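Following: one structure in structure tokens, then a few remarks.
Numbering (our numbering), first residue to last: 96 to 411.
So, in structure tokens, the structure goes:
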């Protein structure tokens, strides 16, 4: 209350809350659920953002501090966010973190505030702002322009999580550097339990752009995590797990795309799906894998390779 984040309320409606420890050393975080009509503001695609960094050699990353709490609730609407605690009723004066439309509203705000810079020298993903440039002189100007706008709009960064003027930066789990891109440092621990294998499969799928023939490699794991499937860990699953782990911990460096040069696409019809690799000057830019249904798996090889080409181009 001392920070003007919440205040006592006399709202006619309220929801129960669950108090959980906050990651930071100070305070606690309150989680609530409020039924609202969903906003449809688009969330940027990861691949599109990473492609914009082509040719960049210097990076600065700005992380906003308690991003949602920097947005005030519209005056008169605070009562709609009321929540019950043991001895009193409170309302939010700022936007709570898991309000239904919080992500969309915050993304809309950031796109509006930094609209003059996005796709020129800046990419934004919620509270993560990445500034990229080809030279130090340009980078200083770009960084100054972004910081001036943030100051004007009263948006405060968390300096402990910011990095400035580096040639290598971790952005959304990916390591970005002048030469190219690879995934961040992964510490993968083997577990044979269904839920943990599902989590590992999801993590590996997120980084599938770095793994050639991911669909084929992951097929033994995919089969045992399906709904109503029998969980049976055999040597086949063990081999699949180890191969994927090896690929992720030793992932190849993907080149940043140069849109002034020619791209080449190599397609393949895999045993259980289709695959393709996008290259430039013999250097891989991205991998594509997709599992096909049983009906299309019976098609001739050249048909499946055409499917691979079409779907890869649609993806890229």
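Think of the CB as a built atom: it goes at the ideal place given N, C-alpha and C, for glycine as much as any other residue.
Note that the coordinates shown come from a computational prediction; the quantities given were computed from them, not determined experimentally.
- Under the three-pair Cβ rule at 8 Å, the segment 297-309 counts as touching the segment 363-375.
- Residue 166 carries a coil assignment under DSSP once its states are collapsed to helix, strand and coil.
- Around the beta-carbon of residue 291, fewer than 16 other beta-carbon atoms lie within 10 Å, marking it exposed.
- Residue 251 counts as exposed, since fewer than 16 other beta carbons sit within 10 angstroms of its beta carbon.
- For residue 198, there is no enclosing beta strand (DSSP E); the residue is found in the alpha helix (DSSP H) stretching over 197-208.
- The beta carbon of residue 219 is closer than 7 Å to those of 205, 206, 209, 213 in its chain, skipping five residues each way along the sequence.
- Residue 244: member of the alpha helix (DSSP H) spanning 231-247, first to last residue.
- Closest in alpha carbon position to residue 231, among 153, 334, 323, is 153.
- The straight-line gap separating the alpha-carbon atoms of residue 311 and residue 335 is approximately 9 Å.
- Listed in chain order, the non-local C-beta contacts of residue 141 below 7 Å within the same chain comprise 267, local neighbours out to five positions each way being set aside.
- Taking C-beta atoms as the reference points, residue 102 and residue 194 fail to come closer than 7 Å.
- The beta-carbon separation of residue 222 and residue 147, rounded to 18 Å, does not stay under the 8 Å limit for a contact.
- Per DSSP, residue 315 is one residue of the alpha helix (DSSP H) stretching across 309-320.
- Of the candidates 325, 405, 318, 339, 318 places its Cα closest to the Cα of residue 367.
- Going by DSSP, residue 400 is part of the alpha helix (DSSP H) stretching over 396-410.
- Beta-bridge pairing by DSSP links residue 100 to no other residue.
- The residues 163, 164, 166, 167, 168, 197, 200, 201, in chain order, have a CB closer than 8 Å to that of residue 190 in the same chain once the five nearest residues on each side in sequence are set aside.
- Residue 402 places its beta carbon 7 Å or farther from that of residue 343.
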